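**Student:** According to the numbering used here, the sequence shown holds residues 4 to 315 in order. Positions of the beta carbon are idealized from the N, C-alpha and C atoms, including for glycine. The model shown is predicted, which means the values in this text are computed figures rather than measured ones. Structure incoming, see below.
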Amino acid sequence: MSSMSATDHNQGYRGGLEIPGWDLFYVGKVRDLYRHPAHPGCMMMIATDRLSAFDVVMNETVPDRGRVLTHITESYLKQVADWMPAARITCNPAEIPDLPAEFHDALRGRVTWTRESDRVNVEVVLRAYLAGSGYREYAKTGRLWDHALPEGLQNSSKLPEVLHTPTTKAEVDEPISWAEAEELIGSQEEADRIHELALKLFQQASDRAAEKGVILADTKFEFGRQDGELVLIDEVMTPDSSRYWPADSVVEGQEPQSYDKEIVRAYLRSVTEWNRKAPPPTIPAEVIANTRAKYLEICQILTGSLPEGVDA
Ligand SMILES: Nc1ncnc2c1ncn2[C@@H]1O[C@H](COP(=O)(O)OP(=O)(O)OP(=O)(O)O)[C@@H](O)[C@H]1O
Ligand SMILES: [Mg+2]
């Protein structure tokens, strides 16, 4: 385990914290996952302020980013809780068993205590608009995954209906057809259920975003199995898992501005000598500050609030 301090020079939370009694067993691009020997079947998920772009984790952190991701996920899971169960148990550090009290303040807002689910190893991606890799595929082939599409669509065109474009869950996620996703899921019945739940989740989130003047262009869900039941796991409806656009900025044929790390990506594209492998270049403080502002803005728009203790 790293002995680096949890907070780095720009005051974000880098992760890698040593917590007595806890085992840091997985360090993802964004989240640190811990287990405690007294609580098998559960894990503690800490959303750090790390930021990855082009699949490389940057040296800098975006302060409060992990809190924003946790806050949006929690807000959305609560909205659908009456019909869509989730794996998570609580985000309140005081309710996490055996978490030493001296860590509560540092982890508040970024920690999730969750059941560790038998993960469905498919990224359930849904798209309502053509963008990103979806647009690039359509421009090349006229299709989107296994869906035939009308001619003449452009970047940011609305699709005739919300479409499933699943991928594998791997080091590099590969596009798969829904038939292949069904095979990975394993049972036809479960696959049908995921298909239907995901569409309903998408519809609800996109209606909610539209009320706030925001278009939900696409999003990704992850499911797990818990006591024979499908549950949502991981993050939900965050700007990391979803593409949000200000509704009044969308012009067909143009790349809309999005509420995510596009500011960082644009900066990195300007560093032409970087080969998109670690180590990444230094990101200027202004780019970090602008990115942080974007995350706070979308958090405020979607949830009507900022995470506890976070000021703009
Ligand atoms: N309740 C859960 N049960 C099992 N796995 C979970 C659960 N919640 C989240 N996960 C997994 O924990 C990891 C969260 O870490 P993080 O978001 O940093 O990963 P990542 O860098 O996006 O990597 P990955 O490609 O694995 O998603 C993901 O792999 C996610 O699938
Ligand atoms: Mg993830």
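Less than 7 Å between the CB of M48 and some heavy atom of ligand 4, yes or no?
**Tutor:** Absent from the structure shown: ligand 4. Ligands present: ligand 1 and ligand 2.
**Student:** Beta carbon of D26: closer than 7 Å to some heavy atom of ligand 2?
**Tutor:** no
**Student:** Provide the residue span of the alpha helix (DSSP H) that contains R268, from first to last.
**Tutor:** 265 to 273 is the extent of the alpha helix (DSSP H) around R268.
**Student:** Is the beta carbon of G227 within less than 7 Å of some heavy atom of ligand 2?
**Tutor:** Not one heavy atom of ligand 2 is found less than 7 Å from the C-beta of G227.
**Student:** Consult DSSP for H39 and reduce its assignment to one of helix, strand or coil.
**Tutor:** coil
**Student:** Which residue from A213, T117, K223, R211 puts its Cα closest to that of L166?
**Tutor:** K223
**Student:** Distance check for D35 and S159, CA to CA, integer angstroms please.
**Tutor:** 34 Å
**Student:** To which residues of the same chain is V60 closer than 6 Å at the C-beta, ignoring the five residues directly before and after it?
**Tutor:** K32, R53
**Student:** I think T76 touches E238, with their Cβ atoms under 8 Å apart; what is that distance to the nearest whole Å?
**Tutor:** 5 Å
**Student:** Consult DSSP for S252 and reduce its assignment to one of helix, strand or coil.
**Tutor:** helix
**Student:** What did DSSP end up calling A281 once you bin it into helix, strand or coil?
**Tutor:** coil
**Student:** Assess, as a yes-or-no matter, whether the segment 81 to 101 is touched by the segment 222 to 236 under the definition of 3 or more beta carbon pairs within less than 8 Å.
**Tutor:** yes
**Student:** Please go through the same chain and pick out, in chain order, the residues whose beta-carbon is closer than 8 Å to the beta-carbon of P103, but skip the five residues on each side of it.
**Tutor:** I22, P23, G24
**Student:** Give the straight-line distance between the Cα atoms of G307 and A250, rounded to the nearest whole angstrom.
**Tutor:** 17 Å
**Student:** DSSP three-state label for R111, please.
**Tutor:** coil
**Student:** Would you report the Cα separation of C45 and W116, rounded to the nearest angstrom?
**Tutor:** 7 Å
**Student:** When the distance is taken between beta carbons, is D263 closer than 8 Å to D243?
**Tutor:** yes
**Student:** Can you look up S8 in the DSSP assignment and give me helix, strand or coil?
**Tutor:** Because the pLDDT at S8 is just 47, under 50, the model does not fix this residue reliably, and the point stays unresolved.
**Student:** Among R113, P96, I304, which residue has its Cα nearest to the Cα of V316?
**Tutor:** For residue 316 there is no data in the structure shown, the boundaries of the chain being 4 and 315.
**Student:** Under 8 Å by Cβ, that's how I've got P66 and G18 pegged, so tell me the actual separation to the nearest angstrom.
**Tutor:** Not confirmed; about 13 Å, so no contact.
**Student:** Would you check if the distance between the CB atom of V1 and the CB atom of A56 is smaller than 8 Å?
**Tutor:** In this structure the chain extends from 4 to 315, so residue 1 is not present and cannot be described.
**Student:** Please report the residue range of the alpha helix (DSSP H) in which L187 lies.
**Tutor:** Run containing L187: 181 to 188, per the alpha helix (DSSP H) assignment.
**Student:** Pull the bridge partners of W148 from the DSSP assignment, please.
**Tutor:** Paired residues: none, contrary to the question.
**Student:** State the Cα-Cα distance for the pair M7 and V114, rounded to the nearest angstrom.
**Tutor:** Any reading at M7 needs caution, since the residue's pLDDT is 42, under 50, leaving its predicted position unreliable; the model's value is listed next. Between M7 and V114, the C-alpha separation is close to 19 Å.
**Student:** Leaving out five residues on either side along the sequence, give the residues of the same chain with a beta carbon under 7 Å from the beta carbon of D11.
**Tutor:** Note that D11 scores a pLDDT of 47, beneath 50, so its modelled location is shaky and nothing firm can be said.
**Student:** For the alpha helix (DSSP H) that Y298 lies in, which residues bound it at each end?
**Tutor:** Counting along the chain, Y298 sits inside the alpha helix (DSSP H) bounded by residues 288 to 306.
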